[in-house]
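Below you'll find the structure, written out as structure tokens, and then a few comments.
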Amino acid sequence: MKLSFYPYTLELKHKFSISHNSRTTTPIVLTEIKHEGLTGCGEASLPPYLGEDQESVINFLSKVKLENYSNPIDVQDILNYTDNIEKGNNAAKASVDIALHDLVGKILNIPLHKYFGINFSDTLYSSITIGIDSGEKIIQKINEAAQFKILKVKIGSDDDKTIIENIRKVTDKPIIVDVNQGWNNEHKALEMIKWLEGKNVKLIEQPFHNDEIKKTAWLSERSPLPVFADESVWRFSDLEKVYGVFHGINIKLMKSTGLAEAFRMINKAKQFGMQVMLGCMTETSCAISAAAQLSPLADWADLDGAELIKNDLFSGMKIKDGKITLPNLPGTGAIKKSYCSAEQNIS
Ligand code: MG
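Counting in the numbering used here, the sequence shown runs from 1172 upward without gaps.
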């Protein structure tokens, strides 16, 4: 098996702002694993606040020697080896995990949801993310996202009520709010959540800084809406820490190191009685399609990453009438656009 990789820059359709950060591009690194004429494709998406960049990913991937493995089906051995090379580098590890699973799906000639034993007959609606912006811009984004049935709205600034009120002037669609650690007072937070409940808001994501466990537990106990962890939960080992503190978790492949661990996290969270959201960064349809393969297991899906970019290199998962759909193809279901003519249906 041979791993190759190259950097690329995603251009965003709109400037993307959350409570502590704003950007117009997202750096990524694309990976390929080749084996006996088949190619698995993967991706590391690198929003700057997550701590990895193209240089660190390329440096890490240079140490991954897949030539030592002759059989891609040894998925867990290969992923354990990759994980033990160095700590951290979660997105870099995810790019290997996604490419490897894509390759294995192609070898077995099955889509990855079948590989994981998941029935894909009924799929979820995905939310679309609306970043912090001026009232006018937010209305424009909502109009562009007409097919989506659920909005995920970034708040966590002084204008939280104004943002929601502006949205409510044009739509009554259910809203998920993502505070991105932007609040700091638990009493004000509780008051705000009670106000949001009256505005058809369905859940609150990451109200406080990721290490504010006590404050979050206080809020969750009193909150009329479910409180979800995002920045507080990255990998399987974080689950114990958030159990009893949050009602649910947002799992993203770039945090979890890929599909294998995300799958384990979903199952463990369910054992804990927690709800699961499957989320993403701004990513191409390569990583988004990979995540979509697990989506029937989740309670909520926020897989809009490819909708937010101008230069998607892949086709794959599509949102139709707000719902997640996947092509009937092996692996992740993603195909590099220049290879589209080689697209083949599987039996
Ligand atoms: Mg979030």
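Where a beta carbon is used, it is the ideal one built from N, C-alpha and C, also for glycine.
Bounding residues of the beta strand (DSSP E) (the contiguous stretch that carries residue i)
i	result
Ser1175	Lys1173 to Ile1189
Glu1214	Leu1209 to Ser1216
Gly1419	Gly1419 to Lys1423
Thr1197	Asn1192 to His1206
Asp1349	Ile1346 to Asp1349
Glu1376	Val1372 to Glu1376
Cβ shell of residue i (< 6 Å), same chain only, five flanking positions each side left out
i	result
Asp1483	Thr1455, Ser1456 and Ala1477
Ser1403	Asn1381 and Val1413
Lys1173	Lys1205
Gly1327	Ser1190, Val1350, Asn1351 and Gly1353
Val1416	Ile1384, Thr1387 and Ala1388
His1272	Leu1283 and Leu1430
Asn1516	Its pLDDT being 34, under 50, Asn1516 is placed unreliably in this model, and the value from its coordinates should be taken loosely. Here the set comprises Asn1499.
Close-in-space but distant-in-sequence residues of the same chain around residue i (CB under 8 Å, 5 per side omitted)
i	result
Lys1186	Ser1193, Arg1194, Thr1195, Gly1302 and Asp1304
Gly1222	Gly1259
Asp1248	Tyr1240
Trp1405	Asn1261, Lys1426 and Ser1427
Glu1362	none
Glu1182	Thr1195, Thr1196, Ile1480, Lys1481 and Asn1482
Span of the alpha helix (DSSP H) around residue i
i	result
Ile1256	Val1246 to Ile1256
Asp1331	Asp1331 to Arg1339
Met1448	First-last for Met1448: Gln1446 to Gly1450, but that is the beta strand (DSSP E), not the alpha helix (DSSP H).
Ala1433	Leu1430 to Gln1442
Asn1314	Gly1306 to Glu1315
Ser1292	From DSSP, Ser1292 is part of no alpha helix (DSSP H); its letter is neither H nor E.
Leu1474	Run containing Leu1474: none; DSSP gives neither H nor E here.
Beta-carbon proximity list for residue i, same chain, < 7 Å, skipping 5 on both sides
i	result
Phe1379	Gln1352, Trp1354, Asn1355, Lys1386 and Thr1387
Pro1395	Ile1364, Lys1365 and Glu1368
Val1372	Ile1346, Val1348 and Leu1396
Nearest-angstrom Cβ-Cβ length linking residue i and residue j, presumed shorter than 8 Å
i	j	result
Cys1212	Ala1270	6 Å
Leu1465	Ile1506	About 19 Å; that fails the 8 Å criterion.
Ser1297	Asp1473	6 Å
Ala1458	Glu1214	4 Å
Leu1430	Lys1184	The Cβ separation is near 27 Å, so there is no contact.
Pro1501	Asn1230	About 31 Å; that fails the 8 Å criterion.
Gln1318	Gly1493	5 Å
Phe1287	Phe1434	6 Å
Ile1309	Leu1209	So it is not a contact: roughly 44 Å between Cβ atoms.
Cβ-Cβ distance between residue i and residue j below 8 Å
i	j	result
Val1350	Ile1375	yes
Met1452	Lys1423	yes
Thr1197	Ser1216	yes
Ser1460	Thr1496	no
Ile1313	Ile1338	yes
Asn1421	Ala1440	no
Leu1283	Pro1243	no
Glu1357	Leu1390	yes
Pro1498	Ile1289	no
Ile1256	Lys1285	no
Gly1419	Gln1442	no
Val1200	Ser1266	yes
Nearest-residue set for the ligand MG, Cβ under 6 Å from any heavy atom: Each of Asp1349, Asn1351, Glu1376, Gln1377, Asp1401 and Asn1421 has a C-beta closer than 6 Å to some heavy atom of the ligand MG; these make up the full list, in chain order.
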